[in-house]
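**Student:** Those protein sequences? They're chains F and A, same order as listed.
Residues 1 to 571, numbered by this note's numbering, are exactly what the first sequence covers, in order.
Residues 1 to 93, numbered by this note's numbering, are exactly what the second sequence covers, in order.
Where a beta carbon is used, it is the ideal one built from N, C-alpha and C, also for glycine.
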Amino acid sequence: MNSVVALIIGFAVALIGYYWYARYFDEKVIQVDRKKATPARMYMDGVDFIPTSKHVLFGYQFKSIAALGPVLGPIISLQWGWLPGLLWILLGTFLIGWIHDYSSAIVSLRNDGETFGALSYKLISPRGRVILLSFMYFYLLLIVSAFGSIVANMLKGTPSVPLAILALMAVGLLSGFLIYKKKMDILLVTVLMVVLSLVAIWLGTVVPIGGSYAVWVVFGLLFSFIGAVLPIWSYTQPINYISFYLVALGMLGAVVGILVGRPDFSVPVFTTYSIGVGPLWPILFVTIACGAISGWHSLVSSSGTARQLENETDTRYVAGGAMYMEMILALIALIIGAATFATFDDYAANLKALGPAGIFAAGLGALLGKLGIASEFGKAFAGAMLVILAITIMQLAVRFMRIATAEIAGEGSPFFRNTYVGAFIAVLLTYILVMTGTWSYIWTLFGGANQLMAALALMLVSIWLAKEGKAWYYTFFPMLFMLITTIAALVLTTRNLIVAASKLSAGAAAPPAGQSVGVAIGGNVISAAIAVFLIIAALLLAYDGLKMFGKARAGKLGKAPAPTAAPAAKA
Amino acid sequence: MMVTVTARRFLQSAREFLYGLTGYEFAETARRRRVACEQVFMLAIIGDLLGAPIPRSYYSLGLLPHLAAAIPGWRRRMLKEKDLTEVLGYELS
């Protein structure tokens with residue numbers, strides 16, 4: 001398969017999905033109405049509820065959902081060959097992914113802009129909200145752990161990257177200071193800081209910085225800790241802002257590199273059904289998460305976007321369109337992974353030695369090389385881009401975990417309301433998990449939690465559709481598939497973790513490099529305990545949810561009152 | 001003519017998309033900081049809002065007409081039941 005052909009197929013699927021299936025569902029099933037008042041127009045308060053241009057929201061939605069998930073998952077999936085990953089990315093988005101993002105926004109839109117906490121209380125059960133929030137805490141812990149591990153591996157394996165990341169911290173702080181305090185022109189600050197970041201990446205190739213895995217784990221967590229305790233405008237936001245330009249430059253370079261180089265896939269169509277991390281079903285469907293469907297998107301759609309949509313008719317463009325754009329991002333990552341190395345054995349060896357992040361960096365570096373960029377700089381740039389993608393999400397997740405700690409435990413003791421305590425607990429838990437766990441299992445658990453979140457979002461949507469007397473099967477069957485597949489993946493992973501722990505304790509297996517037997521056993525047990533918790537939480541929510549779904553279908557929940565007439569739209 | 005209009009629309013959309021990708025979060029932060037200050041201010045003059053003026057804040061009566069438009073939004077924010085997912089939209093984007 002040629003990479004350009006794969007890209008064309010991806011664009012074709014996106015166009016058909018967006019203009020045919022998404023339009024049909026939007027107009028015939030949901031029956032969006034431009035005249036219906038959206039929460040942004042009904043409750044316009046200038047803060048949460050604010051009518052916003054659909055183009056601005058489209059950009060904002062895409063920025064919020066695109067992270068490391070769609071980049072690394074497809075590269076890992078190449079172990080099965082390129083076809084399974086490609087099919088799941090395209091069909092997963094076409095049949096499940098976009099409808100999940102879109103309908104999460106619609107449910108919130110038609111329920112006064114309520115978020116998933118309130119919706120699960122209302123549509124599932126009072127305990128549904130408590131379970132959902134506890135579930136989300138562990139979900140975020142797994143995100144920080146999976147990404148933290150990637151950051152540490154990347155910084156350890158590519159000594160040209162750390163200087164760029166250190167410089168980015170300084171650049172971010174300086175940007176915040178110049179934009180907010182000195183009121184400098186944002187365009188000027190942007191140009192200056194992006195150039196400074198590029199110079200820092202180049203300097204990194206001249207002055208490499210080495211360090212052990214543990215050192216870089218602590219570095220990544222310290223970065224996140226600072227982001228979680230400082231005001232968001234002074235640190236996290238400017239860093240994310242400058243990072244965006246680096247990521248955008250990298251992705252643009254990748255697309256142009258593919259079009260110029262037109263590389264062929266060196267990975268075979270299909271290798272074997274069962275690989276090191278497990279069998280194709282169910283593991284592939286949690287390995288590639290965000291590129292096909294992701295629970296993270298439902299949180300973004302329902303908590304932020306739905307409250308800013310000016311018209312119901314904008315939802316398909318904003319939520320559905322952004323998901324299709326993310327599908328293209330995942331496809332680019334798959335192409336980079338499949339076309340970088342001369343043979344499949346090279347790919348497998350590099351995956352083992354460098355991990356998926358290293359493969360991406362090497363691949364993007366090679367593509368940038370086709371545009372005349374020095375390979376050392378290209379590799380350092382790609383590595384910095386990946387670390388940035390991971391670290392921006394880590395900061396936000398630790399920030400949220402800090403708030404969650406204050407909410408959950410703050411009632412019992414004011415100690416937990418302290419900003420530093422909440423953030424420290426979050427990074428400490430992450431440190432324990434990253435230092436004791438095995439990366440491949442943490443990634444699977446992260447994917448599992450992410451996909452379970454998606455299944456729970458689809459369940460909420462299905463209950464709402466049934467309650468409203470609409471065609472519920474469009475989301476119900478995808479929900480069943482995701483729920484069964486993900487729980488199967490988590491059960492399998494739990495079993496593997498327990499088997500690995502018992503082998504370690506019996507002396508039948510050696511611990512991973514850098515870990516003692518006791519630490520490795522402890523890590524496996526902790527990971528297994530988290531997996532069991534996720535399974536139990538999902539089963540409880542599924543039980544309550546399916547019960548309410550039955551009632552909704554039987555018409556026992558009543559229909560929601562029709563929204564009031566819309567006030568004039570904001571000019 | 002038609003081509004010019006379409007091109008202009010496309011450019012406008014592209015500009016807005018880029019703004020959403022980049023600068024929109026700064027505007028959101030500014031909005032939130034402004035409203036946080038407004039809420040503290042509202043709290044300072046709550047006596048007058050409730051019809052029980054605090055003698056020392058008699059001057060707030062003069063400010064009330066300027067704040068009248070902000071009262072419905074403020075009341076809604078104050079009375080709304082909040083949980084963790086409320087902060088997600090802002091914190092996680």
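1. Taking 8 angstroms as the threshold (beta carbon to beta carbon), is His55/F in contact with chain A?
2. Kindly indicate if chain F contains any beta-carbon less than 8 angstroms away from that of Ser93/A.
3. So, Leu168/F versus Ile226/F, is the Cβ gap smaller than 8 angstroms?
4. Along the chain, where does the alpha helix (DSSP H) that runs through Val194/F open and close?
5. Let's see if you can read the secondary structure: which residues bound the alpha helix (DSSP H) around Ala40/F?
6. Kindly list, in the order they appear in chain A, the residues whose Cβ is closer than 8 angstroms to that of Arg129/F.
7. Span of the alpha helix (DSSP H) holding Ile76/F?
8. Going by Cα to Cα distance, which pick from Ala489/F, Val215/F and Leu458/F is closest to Gly514/F?
9. Where do the ends of the alpha helix (DSSP H) carrying Ser13/A lie?
10. Using the three-state DSSP reduction, which class does Thr52/F fall into: helix, strand or coil?
11. Consider the Cβ of Leu133/F: report whether some Cβ of chain A lies at a distance smaller than 8 angstroms.
12. So, is the C-beta of Arg8/A closer than 8 angstroms to a C-beta in chain F?
13. Determine the extent of the alpha helix (DSSP H) in which Asn153/F is found, giving its start and end residues.
14. Taking all protein chains shown into account, decide if Pro263/F is buried (16 or more other Cβ within 10 angstroms of its Cβ) or exposed.
15. Does any residue of chain F have a CB that is nearer than 8 angstroms to the CB of Leu21/A?
16. Mapping the DSSP letters down to three states, classify Lys547/F as helix, strand or coil.
17. Could you say which of Glu468/F, Leu480/F, Ala542/F and Thr494/F lies nearest to Lys556/F if we only look at CA atoms?
18. One question on the structure: do Leu7/F and Ile335/F come within less than 8 angstroms of each other, judged by their Cβ atoms?
19. Mind checking whether Met385/F and Gly220/F have CB atoms under 8 angstroms apart?
20. Taking 8 angstroms as the CB-CB limit, is Lys63/F close to chain A?
21. Using Cβ-Cβ distances below 7 angstroms, what residues of the region 233 to 251 of chain F are close to chain A?
22. How about Gly73/A: is its C-beta nearer than 8 angstroms to some C-beta of chain F?
23. Between Val199/F and Gly383/F, what straight-line distance do the alpha-carbon atoms span, to the nearest angstrom?
24. In whole angstroms, what separates the C-alpha of Ala500/F from that of Asn524/F?
25. What does a CB cutoff of less than 6 angstroms around Thr85/A pick up in its chain, not counting 5 residues either side in sequence?
26. If contacts are defined as beta-carbon pairs under 8 angstroms, then Leu132/F and Gly113/F qualify, I think. What distance do you get, rounded to the angstrom?
27. Just to confirm the assignment, what range does the alpha helix (DSSP H) spanning Phe244/F have?
28. Which residues in the same chain have their Cβ closer than 7 angstroms to the Cβ of Leu429/F, if we skip the five residues on either side of it in sequence?
29. I need the DSSP call for Asp101/F, collapsed to helix, strand or coil.
30. Can you name the residues that DSSP bridges to Asp346/F?
31. Residues of chain F with CB under 7 angstroms from Leu49/A, in chain order?
32. Should Ser302/F and Val517/F be called a contact, given that it needs their Cβ atoms to be closer than 8 angstroms?
33. If we count Cβ pairs, one from each stretch, closer than 8 angstroms, do we get three or more for the region 142 to 162 of chain F versus the region 479 to 490 of chain F?
34. Got a sec: is the Cβ-Cβ distance from Tyr60/F to anything in chain A below 8 angstroms?
35. I'd like the list of long-range same chain contacts for Arg553/F, defined as Cβ closer than 6 angstroms, with 5 residues on each side in sequence excluded.
36. Between Leu43/A and chain F, is there a C-beta pair that is closer than 8 angstroms?
**Tutor:** With the given structure in hand:
1. Interface with chain A (8 angstroms Cβ-Cβ cutoff): His55/F is included.
2. With a pLDDT of only 49 at Ser93/A, under the threshold of 50, the placement of this residue in the model should not be trusted, and no figure is reported.
3. Not a contact, by the Cβ cut-off of 8 angstroms.
4. Residues Ile186 to Val206.
5. Ala40/F -> alpha helix (DSSP H) spans Pro39 to Met42.
6. Asp83, listed in chain order.
7. For Ile76/F, the enclosing alpha helix (DSSP H) begins and ends at Gly69 to Ser77.
8. Minimum Cα distance to Gly514/F is reached at Val215/F.
9. In the DSSP assignment, Ser13/A falls within the alpha helix (DSSP H) that extends over Met2 to Leu21.
10. Thr52/F falls in the strand class under three-state DSSP.
11. True, the Cβ-Cβ gap to chain A drops below 8 angstroms.
12. Taking Cβ atoms only, chain F never reaches closer than 8 angstroms to Arg8/A, which makes this a no.
13. Looking at the DSSP string, the run of the alpha helix (DSSP H) that includes Asn153/F is Pro126 to Gly157.
14. By the 10 Å Cβ count, Pro263/F comes out buried.
15. Interface residue (Cβ-Cβ distance to chain F less than 8 angstroms): Leu21/A is classified as such.
16. Reduced to three states, the DSSP call for Lys547/F is helix.
17. Comparing Cα-Cα distances from Lys556/F to each of Glu468/F, Leu480/F, Ala542/F and Thr494/F, the minimum goes to Glu468/F.
18. A contact, by the Cβ cut-off of 8 angstroms.
19. No, Cβ-Cβ distance for Met385/F and Gly220/F is not below 8 angstroms.
20. Yes, its Cβ sits closer than 8 angstroms to a Cβ of chain A.
21. Result list: Trp233, Gln237, Tyr241 and Phe244.
22. Yes, contact with chain F.
23. For Val199/F and Gly383/F, the distance between alpha carbons rounds to 15 angstroms.
24. Near 7 angstroms, if we compare the C-alpha coordinates of Asn524/F and Ala500/F.
25. For Thr85/A, there are no CB contacts under 6 angstroms within the same chain when 5 residues up- and downstream are skipped.
26. A Cβ-Cβ distance of about 18 angstroms is found for the pair Leu132/F and Gly113/F, leaving them out of contact under the 8 angstroms criterion.
27. Thr236 to Gly261 is the extent of the alpha helix (DSSP H) around Phe244/F.
28. Here the set comprises Leu141.
29. Three-state DSSP puts Asp101/F in a helix.
30. Note: Asp346/F sits in no beta bridge, so no partner.
31. Here the premise fails: no neighbours, minimum Cβ distance about 17 angstroms.
32. Contact: no.
33. Contact fails: fewer than three Cβ-Cβ distances are below 8 angstroms.
34. Among the residues facing chain A, Tyr60/F is included, as its CB has a counterpart in that chain under 8 angstroms away.
35. Residues of the same chain with a CB within less than 6 angstroms of the CB of Arg553/F, apart from the 5 flanking positions on each side, are Ala466 in chain order.
36. False, the Cβ-Cβ gap to chain F never drops below 8 angstroms.
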